[in-house]
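Sequential numbering of the sequence shown, starting at 729, is according to the numbering used here.
All C-beta atoms, glycine included, are put in the ideal place defined by N, C-alpha and C.
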Amino acid sequence: MGPMVSVRDLRKRYRRVDAAAGVSFEIEGGEIFGLLGPNGAGKTTTVECTIGMREPDSGEIRICGVDARREPRAVKERIGAALQTTAVQDRITPREALALFGAFYRRPVPPQELLDRFALADKADVMYETLSGGQRQRLALALAFVNRPELVFLDEPTSGLDARARRELHDGIARMKEEGRTVLLTTHDIDEAEQLCDRVAIIDRGRIVQTGAPADLIGRSTAMPTVHVRAREPLSAGILDGLPGARDARSDGIRATFRTSEVSPAIAELASRFAARGIEIAELHVQKATLEDVFLELTGSPFEPGTLNPEP
């Protein structure tokens, strides 16, 4: 059995902007796969082309073994999608919306079952315009499930949500995997990608620059760990000078940070200096390389949402 999703050399250009410039990736059945990149990197364009909402300029797309460009209707019967914006009328209720969307499929899930699953039963018969941001996002997920999808596409599903709504949505995404579904998740939230995804593809300026499990990408990175230290009293000037392998050292009052390729020798030397000056260490920890470090290493630019060309 082949991959659940196979995208080969996907290209989409808008005027002078290559929103997708030869994007290629595969998603295996039952995994949560993340497209990780800043706003404007090409995530949404890639998803919209993959699910048939936009016609790519070129490229091959196969979903569940079906040629998505030649048989889009067959593909739509097997997938669900929750995009950044969901076109739902303000004066429609969640129950009515689920019944309406379900009418387009051969085997829809009963609305009440979806209302219960996505914690919307108490809002089933109120107008959409009265729903909170989190409730609207849960309804978008419910709508994506009306056709019992094997594969679910989620485009920035937690954008704009508060902490509680984000956690609830994360739990819902994890449940999809437990049920054996395959999930493609786009995000510009590095922590979210590391927490949820089995594998991620880092995308920048319309190109996939690296793919792998978050831990593997971090493990292959040459980015140096960062040492954070907090003292009981103010640090003296120059106390970080000349630590083994140290770079980007800085201190501010009782706190100091530095990066180093020689963690153990650097910490040992720092502890010796503290002891010689009678300074007590209140807190010390070492932070390994992160996905953000990987992105910086691969692209040469900081991971800052909104700094790239905006997606059409």
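Of the listed residues G973, K851, E997, V955, nearest to A984 (C-alpha basis): Here the closest residue by C-alpha is V955.
Beta-carbon gap between G908 and G758 smaller than 9 Å: Yes, Cβ-Cβ distance for G908 and G758 is below 9 Å.
Option in E1025, I807, V733 with minimal Cα separation from S949: Out of E1025, I807, V733, E1025 has the C-alpha closest to the C-alpha of S949.
Complete alpha helix (DSSP H) runs within the stretch 972-1017 (minimum length 4 residues, chain order): List check, alpha helix (DSSP H) in window: 991-1005.
Runs of alpha helix (DSSP H) lying entirely within the stretch 805-859, each at least 4 residues, in chain order: Secondary structure remark: continuous alpha helix (DSSP H) runs of at least 4 residues inside the stretch 805-859, in chain order: 822-830, 839-845.
Straight-line gap, A1076 to A769 (C-alpha atoms, nearest Å): This structure leaves residue 1076 out entirely; the chain is present only between 729 and 1040.
For T914 and N767, the rounded distance between their alpha carbons: Using only the alpha carbons, I get a separation of about 10 Å.
Cβ-based neighbour list, P737, same chain, cut-off 8 Å, excluding 5 preceding and 5 following: As written in the sequence, residue 737 is Asp, which differs from the Pro given in the question. The beta carbon of D737 lies closer than 8 Å to those of G750, V751, S752, S786, G787, E788 in the same chain, with the five residues before and after it left out.
Sequence-distant residues of its chain with Cβ nearer than 8 Å to L859 (five each side left out): Only P822, K851, L867 meet the Cβ criterion.
Simplified DSSP assignment, three categories, for A902: Looking at A902 - three-state DSSP - the assignment turns out to be helix.
Presumed contact (8 Å Cβ cut-off) between I931 and L763, rounded CB distance: About 6 Å separates the beta carbons of I931 and L763, which is inside the 8 Å limit, making them a contact pair.
Sub-9 Å separation of V874 and G808 beta-carbons: Annotated as proximal: V874 and G808, with beta-carbon spacing under 9 Å.
Boundaries (first-last residue) of the beta strand (DSSP E) holding T886: Here T886 belongs to no beta strand (DSSP E), and DSSP marks it neither H nor E.
Simplified DSSP state of L963, which is helix, strand or coil: Coil, per DSSP.
Sequence-distant residues of its chain with Cβ nearer than 8 Å to E857 (five each side left out): Residues D818, R819 of the same chain have their beta carbon placed closer than 8 Å to that of E857, with the five preceding and five following residues left out of the count.
Beta-carbon separation (whole angstroms), G900 vs L869, contact threshold 8 Å: Correct: roughly 6 Å between the Cβ atoms.
Reduced DSSP category for R743 - H, G, I as helix; E, B as strand; rest coil: Note: R743 maps to coil in three-state DSSP.
E756, DSSP secondary structure in three states: E756: coil per DSSP, three-state reduction.
For A1017, the nearest candidate out of A959, G1006, I918 (CA to CA): Measuring from the Cα of A1017, the nearest candidate turns out to be I918.
Assigned exposure category for R978 - 16 Cβ within 10 Å defines buried: By the neighbour-count definition (other C-beta atoms within 10 Å, threshold 16), R978 is an exposed residue.
Rounded C-alpha distance that separates R806 from V745: Distance between the alpha carbons of R806 and V745: 31 Å.
Candidates T813, R741, K771, of which the one nearest V937 by Cα: Comparing Cα-Cα distances from V937 to each of T813, R741, K771, the minimum goes to K771.
Assigned secondary structure, T950 (DSSP; H/G/I helix, E/B strand, else coil): Coil at T950, not helix or strand.
Residue of A965, V1022, T886, E1011 minimising C-alpha distance to A929: Ranking the options by Cα distance to A929, first place goes to V1022.
Within 9 Å, strictly: CB atoms of L1019 and A921: In this structure, A921 lies closer than 9 Å to L1019 by Cβ.
DSSP three-state assignment for M732, whether helix, strand or coil: Coil at M732, not helix or strand.
Simplified DSSP assignment, three categories, for A749: Strand.
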